[in-house]
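K.L.:
For the record, in the sequence shown the residue sitting at position 13 is 490 according to the working numbering, with numbers rising by one throughout.
For every residue, glycine included, the Cβ atom is placed at its ideal position computed from N, Cα and C.
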Amino acid sequence: MSEDLLISDIHSLGQKDALDILARIARVEKKTFPSSEAWDFGADLWRKKPNTRVLYATNAPPSSRSKEPPVLIAYALYVRQKGTALLHKVCVAEPYRGQGVGQKLMNYIDERLRREGCQSIQLWVDRARAPARALYARSGFQEREVIDDYYAPGRAGIRMVLDLERG
478 MSEDLLISDI
488 HSLGQKDALD
498 ILARIARVEK
508 KTFPSSEAWD
518 FGADLWRKKP
528 NTRVLYATNA
538 PPSSRSKEPP
548 VLIAYALYVR
558 QKGTALLHKV
568 CVAEPYRGQG
578 VGQKLMNYID
588 ERLRREGCQS
598 IQLWVDRARA
608 PARALYARSG
618 FQEREVIDDY
628 YAPGRAGIRM
638 VLDLERG
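What follows is the structure, encoded as structure tokens:
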């Protein structure tokens with residue numbers, strides 16, 4: 478699966494296509510995360526937020542004969558603040574988990590932010606989300622801080638950091 482992945486930025490699209498991708502992301506977001514943690518993937522992300530990037534992964538572009546749009550497989554959202562990127566979301570749609578998609582998306586983000594001169598990436602992850610924590614650890618992130626009840630009572634958040642200036 479991950480060999481056929483095409484990763485793009487919604488800002489490389491025209492408005493109509495960008496809004497279509499954002500709507501598709503919003504549907505996956507609602508299925509995947511509790512409403513208290515779901516991000517609003519509205520038109521503002523495409524129009525007004527130059528330091529915010531929404532990346533999305535689809536299957537390889539459809540052949541010219543296909544009338545079906547590419548399948549949304551995964552997405553990520555990060556905000557740049559000077560030399561630091563705050564990674565707010567990484568999500569692989571349920572049918573594609575465990576196939577290397579998340580790792581390929583994380584590698585893409587790492588390479589892109591290094592090229593842009595970013596020095597570090599930070600994120601928060603729920604302690605209970607073991608697959609996400611494992612993905613981030615494989616990607617080189619280190620756990621730096623734990624805050625009890627970060628997400629909700631009994632749900633601790635872990636701040637993880639990837640130093641891009643190392644190596």
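Residues in the same chain with beta-carbon distance under 7 Å from Glu620, minus the five sequence neighbours each way, listed in chain order, please.
P.N.:
Ile635, Met637
K.L.:
Which ranges would you report for the alpha helix (DSSP H) in the stretch 499 to 539 if only whole runs of at least 4 residues count?
P.N.:
521 to 524
K.L.:
Taking the Cβ atom as the reference point for each residue, do Leu612 and Leu564 lie within a distance shorter than 7 Å?
P.N.:
no
K.L.:
Could you have a look at Arg610 and say whether DSSP puts it in helix, strand or coil?
P.N.:
helix
K.L.:
Spell out a yes or no on whether the stretch 499 to 509 and the stretch 590 to 608 are touching, meaning 3 or more CB-CB pairs, one atom from each, closer than 8 Å.
P.N.:
Output reads no: the stretch 590 to 608 does not touch the stretch 499 to 509.
K.L.:
On the criterion of 16 or more Cβ atoms from any shown chain inside 10 Å, does Arg530 qualify as buried, or is it exposed?
P.N.:
buried
K.L.:
Val640 and Ala633: beta carbons closer than 7 Å?
P.N.:
Val is not the amino acid found at residue 640; the sequence shown has Asp there. In this structure, Ala633 does not lie closer than 7 Å to Asp640 by Cβ.
K.L.:
By the three-class DSSP mapping on this structure, what secondary structure does Ser489 have?
P.N.:
helix
K.L.:
Determine the contact status of Leu522 and Ala553, defining contact as a CB-CB distance below 7 Å.
P.N.:
no
K.L.:
Taking only the alpha-carbon atoms, compute the straight-line gap between Pro630 and Thr535 and give it to the nearest angstrom.
P.N.:
36 Å
K.L.:
On the DSSP bridge assignment, give the partners of Met637 in chain order.
P.N.:
The partner list for Met637 (beta bridge, DSSP) reads Leu600, Glu620.
K.L.:
Which residues in the same chain have their Cβ closer than 8 Å to the Cβ of Gly528, if we skip the five residues on either side of it in sequence?
P.N.:
The residue asked about is misnamed: residue 528 is Asn in this sequence, not Gly. Result list for Asn528: Val556, Arg557, Gln558, in chain order.
K.L.:
When burial is assigned at 16 or more other CB atoms within 10 Å of the CB, is Ala607 buried or exposed?
P.N.:
Exposed: under 16 other Cβ atoms inside 10 Å.
K.L.:
So the beta strand (DSSP E) Val569 belongs to, where does it begin and stop?
P.N.:
561 to 569
K.L.:
Over what stretch of residues does the alpha helix (DSSP H) that includes Arg589 continue unbroken?
P.N.:
578 to 592
K.L.:
Using three-state DSSP, classify Ser541 as helix, strand or coil.
P.N.:
Caution applies to Ser541, whose pLDDT of 44 falls short of 50 and renders its modelled position unreliable; the model cannot decide the point.
K.L.:
Please go through the same chain and pick out, in chain order, the residues whose beta-carbon is closer than 6 Å to the beta-carbon of Gly579, but skip the five residues on each side of it.
P.N.:
Val569, Leu612
K.L.:
Distance check for Ala551 and Gly575, CA to CA, integer angstroms please.
P.N.:
12 Å
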